[in-house]
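Residue numbers (the working numbering): 1358 to 1982.
Input: a single structure, listed below in structure tokens.
Okay, structure coming up:
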């Protein structure tokens, strides 16, 4: 089944991704895309999520190399792929990577590469990344062979660790099924693994060049860099069955056992967008969010005038408000908080809560590195309580879970914990972005393991990146492409974002969040477009529908609804105060999905027990009592 919807409606751009080439070698099946391997499966079961050769710039941006001399030879019992990837860096530097990928039935898969620069080439990382999936793998046994020949029998981490779980790696072996194992051997350099769930990636990443070594570094001119990955499948079965996949099979639903309360919904307001938000009050009223999250950053030039704008917006908002402060820490914390309080009093701005964090803590610090100088967090929180005695004080990180996991804040004096997430830190293709949803339950469960039942908020979490903790800047995206770490993303304007946001909410339900913020009202992170038009005429982005729906559902009871294929369909049930129930479904794939509605009974019977959800489609439908 293929969607016939205009790609612009789905992605905000008519630029489509190049579809992968499916290659097979006996029972092994891979997708070859953009020079790398994705979805490596054995008898239909995912073994590795990806094997990629990546080159990063000094801001951890990923080069999109030109692929020359590509040759793909699919034979009856195997395949061979070869090509040359060319990266062009600053100051006319260049890097060429000669690649060869081979596989035969019942033999190892080999991915080898030789990188060579005639000019010298600066990079933060150049080499292989191997991604292990998390679903069905997290917490499971694994055997790691180290570069000194020693072997460690351990487990993949279940809760998300802030440091690398495995270092000095030469090979890693895990069970695919009870009878099938996969050994991935890495040659040519020292590898280590990080838990990419920290960044909401749905994978464990084994990568080349330990983080403890300096970066950026320079590849010398004329010096070849050779690396090789060898994947060997061990199968104890004498005659393994070949699999068959039926793409038209219906996805089934079943009632789960979990339940809880839907979170409040927030919208972020910056000083730069406050006037536009005020001008769009009709749209704000239409959404009726429970929370407005006002962002204040003196290091970005925000000053006393920001609070006049904030006060004007707060005056038209019937719900609560929170001020998030990126504290500069150029003076004692108490001096800075009192100055901010004076500006707030002069403007008549009185938020219900304040989230405060040192500005420098937004910048990521790898494990083992020294954090930037700033006052102890205990001192910052004491200053906040002293300056704002009648306001709830929250802490955490203005950046992502990664930074909060690495620098765990002292929470005893805090009224809530908060952080953001972003799905385009490492990759920006459609599949990778949607797969980040798989990591969200691991993130929220890890937060609960650290902070217990402390009130917990997430956001703003948007597809575009509002701040880059891993480099000097976010990436400009004037051409509207799919770019990692970009400050704008075309999919934010399309149905892709509408589906992503509803699926995001579904994935974090059992965290019992106090508030979830997924967008702004205006601007590049906003729900409406058309800044030069009257408020009522400003076009709603499809994401508007999801945020407005979630705002209407805030405070209602939710009940778990399980999907037989959560990689395609996510679902949950909400219960109104009168006891009536609604089923909410979202398709997170680019193809229509058939859903079997039994055992649920729709209030408006159509005679069919099946429902076809369009690509990135969302449906909410009433159920029989």
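Idealized CB from N, CA, C, for every residue including glycine.
Near residue i, which residues of its chain fall below 6 Å by C-beta distance, leaving aside the five closest residues on each side in sequence?
i            : result
residue 1645 : 1908
residue 1393 : 1409
residue 1564 : 1486
residue 1945 : 1791, 1856 and 1860
residue 1678 : 1649, 1671, 1708 and 1709
residue 1363 : none
residue 1443 : 1422, 1423 and 1453
residue 1941 : 1929 and 1977
residue 1775 : 1712, 1751, 1753 and 1814
residue 1479 : 1573 and 1575
residue 1715 : 1684, 1686 and 1731
residue 1706 : 1664, 1667 and 1668
Along the chain, where does the beta strand (DSSP E) that runs through residue i open and close?
i            : result
residue 1435 : 1435-1445
residue 1468 : 1466-1473
residue 1485 : 1482-1490
residue 1510 : 1508-1512
residue 1886 : Taken as a continuous stretch (DSSP letters only), residue 1886 belongs to no beta strand (DSSP E), as it is neither H nor E.
residue 1677 : 1677-1684
So, are the CB atoms of residue i and residue j less than 8 Å apart?
i            : j            : result
residue 1718 : residue 1681 : no
residue 1405 : residue 1541 : yes
residue 1633 : residue 1879 : yes
residue 1402 : residue 1534 : yes
residue 1949 : residue 1969 : yes
residue 1419 : residue 1413 : yes
residue 1619 : residue 1975 : no
residue 1521 : residue 1551 : yes
residue 1943 : residue 1863 : yes
residue 1593 : residue 1510 : no
residue 1812 : residue 1773 : yes
residue 1554 : residue 1491 : yes
residue 1784 : residue 1698 : no
residue 1731 : residue 1686 : yes
residue 1796 : residue 1559 : yes
residue 1851 : residue 1904 : no
Once the 5 residues before and after residue i are set aside, which same chain residues still bring their CB inside 7 Å of it?
i            : result
residue 1567 : 1524, 1547 and 1549
residue 1431 : 1380
residue 1695 : 1744
residue 1602 : Low per-residue confidence applies at residue 1602: pLDDT is 48, beneath 50, and the placement is therefore not dependable, though the value from the model is reported in the following sentence. So the qualifying residues of the chain are 1401.
residue 1985 : Since the first residue of the chain shown is 1358 and the last is 1982, residue 1985 is not available in this structure.
residue 1377 : 1388, 1389, 1390 and 1395
residue 1483 : 1412, 1472, 1576 and 1582
residue 1349 : Absent from the model: residue 1349. The displayed extent of the chain is 1358 to 1982, so no value can be given.
residue 1609 : 1921 and 1953
residue 1780 : 1557, 1790, 1793 and 1820
Going by beta carbon distance, what residues of the same chain come within less than 8 Å of residue i, once the five residues before and after it are set aside?
i            : result
residue 1882 : 1625, 1817, 1819, 1821, 1823, 1849 and 1876
residue 1867 : 1615, 1617, 1798, 1801 and 1917
residue 1947 : 1360, 1367, 1787, 1972 and 1973
residue 1844 : 1821, 1822, 1823, 1831, 1832, 1833, 1834 and 1881
residue 1497 : 1512, 1513, 1531 and 1532
residue 1724 : 1519, 1520, 1521, 1568 and 1763
residue 1528 : 1501, 1502, 1540, 1541, 1542 and 1543
Can you tell me where the alpha helix (DSSP H) holding residue i begins and where it ends?
i            : result
residue 1696 : 1690-1704
residue 1971 : Unbroken run through residue 1971: none, as it is neither H nor E.
residue 1736 : 1734-1744
residue 1994 : The structure shown does not extend to residue 1994, since the chain is modelled only from 1358 through 1982, so no value can be given for it.
residue 1808 : 1797-1808
residue 1908 : 1900-1910
residue 1895 : Residue 1895 -> no alpha helix (DSSP H), and no H or E assigned at all.
For residue i and chain B, any beta-carbon pair shorter than 8 Å?
i            : result
residue 1815 : Considering every chain present, this structure includes no chain B. It has just one protein chain.
Worksheet item: Is it true that the stretch 1629-1643 meets the stretch 1666-1679, where meeting means three or more beta-carbon pairs spaced less than 8 Å apart?
Response: In short, these stretches touch, since the Cβ pair count reaches three.
_For the structure I just gave you, are there three or more beta carbon pairs, one from the stretch 1371-1387 and one from the stretch 1463-1476, closer than 8 Å?_
They touch, by the three-pair rule.
Taking 8 Å as the cut-off, does the stretch 1444-1457 touch the stretch 1468-1481 (at least 3 CB pairs, one atom from each stretch)? The stretch 1468-1481 makes contact with the stretch 1444-1457: 3 or more CB pairs, one atom from each, lie closer than 8 Å.
task: Give a yes or no on contact between the stretch 1782-1800 and the stretch 1746-1753, applying the rule of three or more CB pairs nearer than 8 Å.
output: In this structure the stretch 1782-1800 does not lie against the stretch 1746-1753, because fewer than three pairs of beta carbons, one per stretch, are closer than 8 Å.
Examine the Cβ distances between the stretch 1606-1615 and the stretch 1914-1926 and report whether three or more of them are shorter than 8 Å. Under the 8 Å Cβ criterion, the stretch 1606-1615 counts as touching the stretch 1914-1926, having at least three qualifying pairs.
- Item | Secondary structure, beta strand (DSSP E): runs of 3+ residues fully inside the stretch 1524-1603 | The stretch 1524-1603 contains these whole beta strand (DSSP E) runs: 1537-1544, 1548-1552, 1560-1565, 1574-1576 and 1582-1592.
Kindly provide the ranges of any alpha helix (DSSP H) runs that are 4 or more residues long and lie completely inside the stretch 1622-1656, ordered along the chain. List check, alpha helix (DSSP H) in window: 1628-1636 and 1638-1644.
**Request:** Note down, one range per segment and in chain order, each beta strand (DSSP E) of at least 3 residues found wholly within the stretch 1855-1881.
**Result:** The qualifying runs are 1872-1877.
Would the stretch 1801-1810 count as touching the stretch 1508-1518 if we require 3 or more Cβ pairs under 8 Å?
The answer is yes - the stretch 1508-1518 touches the stretch 1801-1810, with three or more Cβ pairs under 8 Å.
* To do: Scan the stretch 1915-1944 and note each continuous beta strand (DSSP E) run of 3 residues or more that stays entirely inside, going in chain order.
  => You should have 1926-1932 and 1938-1944.
Taking only runs that begin and end inside the stretch 1767-1846, name each unbroken alpha helix (DSSP H) of 4 or more residues, in chain order. Those alpha helix (DSSP H) runs which fall completely within the stretch 1767-1846 and span 4+ residues are 1787-1792 and 1797-1808.
In chain order, which beta strand (DSSP E) runs of at least 3 residues are fully inside the stretch 1373-1426?
-> The stretch 1373-1426 contains these whole beta strand (DSSP E) runs: 1378-1382, 1385-1390, 1393-1399 and 1402-1413.
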